[in-house]
Amino acid sequence: MKQVTELAKSFHPGSDRAEHSMGAQRSVPESAVMLVNRLFADLQVIFPAWRLAFPTQTALDNAKRTWTLALFENGIHHSEQIKLGLRKARASGSPHIPSAGQFINWCRLTPEDLGLPSVEKAFSMIGLMRDSVTKRTTPEVIQAAFNQIEYWDLTHLSEKDLFPIFKAHYQKLIEKVSRGEDISQLCPKALPKNKVTETIEQKQKRKESGFKNIENLRAKYPSLRAKRLGRTNG
Numbered sequence: 001m002k003q004v005t006e007l008a009k010s011f012h013p014g015s016d017r018a019e020h021s022m023g024a025q026r027s028v029p030e031s032a033v034m035l036v037n038r039l040f041a042d043l044q045v046i047f048p049a050w051r052l053a054f055p056t057q058t059a060l061d062n063a064k065r066t067w068t069l070a071l072f073e074n075g076i077h078h079s080e081q082i083k084l085g086l087r088k089a090r091a092s093g094s095p096h097i098p099s100a101g102q103f104i105n106w107c108r109l110t111p112e113d114l115g116l117p118s119v120e121k122a123f124s125m126i127g128l129m130r131d132s133v134t135k136r137t138t139p140e141v142i143q144a145a146f147n148q149i150e151y152w153d154l155t156h157l158s159e160k161d162l163f164p165i166f167k168a169h170y171q172k173l174i175e176k177v178s179r180g181e182d183i184s185q186l187c188p189k190a191l192p193k194n195k196v197t198e199t200i201e202q203k204q205k206r207k208e209s210g211f212k213n214i215e216n217l218r219a220k221y222p223s224l225r226a227k228r229l230g231r232t233n234g
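Okay, structure coming up:
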């Protein structure tokens, strides 16, 4: 039986001769190869019908080579990621071995794995984010995800167009949280104590009050009006 190490070393992703003549090939770390060897041993136990997918030794060897590159290209090369994938594989209830793409998805942390709302449920909280009080009740990672979106997009795009933007930010932040990174700096800044957000009516009243004060000063000190007129005429 060929080892995945040998298969990976002999594998050239591109079949174009020009690429081969330039020595274009991807190097696969030894650790990734060893990971796949151990992985397939586990998968063959979890999925008893695996021979239906790989009926011959050649098919199994080719699968190991493909999986090695697929995992490496998608950043799945840590034992903890593989453990997560195997945990979901055991819970799948299927006797058939999954595709490489399906297993890669299993290896990625989801919001639910961290006890957080799904991306759809998190996005549905957009209404809470529009209020300075209620947005503080949403999980920090959701606040941070919405805070990464450009203000114009947040206020002008439809929810259909806004969702993929939110999803991309949310998924990146989930990865940061899973690595134990602090995301508090990415959240909206809290208002200073004793300061409240003004309503449109309050802002208009404050503006009108300011104009009134200016007019009172001009009436009290006519010289100010004269100086202003002089600058305008000049």
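The sequence shown: position 208 = 208 (UniProt numbering), numbered continuously.
Yeah, the Cβ is synthetic: ideal placement off N, Cα and C, and Gly gets one too.
Since the structure is predicted, the reported quantities are computational estimates derived from the model, not experimental observations.
Item	Value
Span separating the alpha-carbon of His-169 from that of Lys-176	11 Å
Lys-212 classed as buried or exposed, judged by whether at least 16 other C-beta atoms fall within 10 angstroms	exposed
Where Gly-127 falls: helix, strand or coil (DSSP)	helix
Complete runs of the alpha helix (DSSP H) confined to the region 22–96 [at least 4 residues]	30–46, 57–73, 79–92
Which of helix, strand or coil DSSP assigns to Cys-187	coil
Beta-carbon separation (whole angstroms), Ala-145 vs Ala-122, contact threshold 8 Å	7 Å
Extent of the continuous alpha helix (DSSP H) run through Pro-111	First-last for Pro-111: undefined, no H or E at that position.
Neighbourhood of Leu-157 by C-beta, 8 Å cutoff - its chain only, sequence neighbours within 5 removed	Ile-165
Beta-carbon spacing of Phe-103, Ala-89 below 8 Å	yes
Close beta carbons around Gly-85, own chain, < 6 Å, minus the five adjacent residues each side	Phe-103, Trp-106, Cys-107
For Glu-159, three-class secondary structure by DSSP	helix
Inter-residue Cα distance where the pair is Pro-188 and Glu-140	9 Å
Alpha carbon of Asp-161 to alpha carbon of Thr-137, nearest angstrom	25 Å
His-96 and Phe-47 closer than 8 Å at C-beta	yes
Cβ-based neighbour list, Ile-76, same chain, cut-off 6 Å, excluding 5 preceding and 5 following	Ile-104, Cys-107
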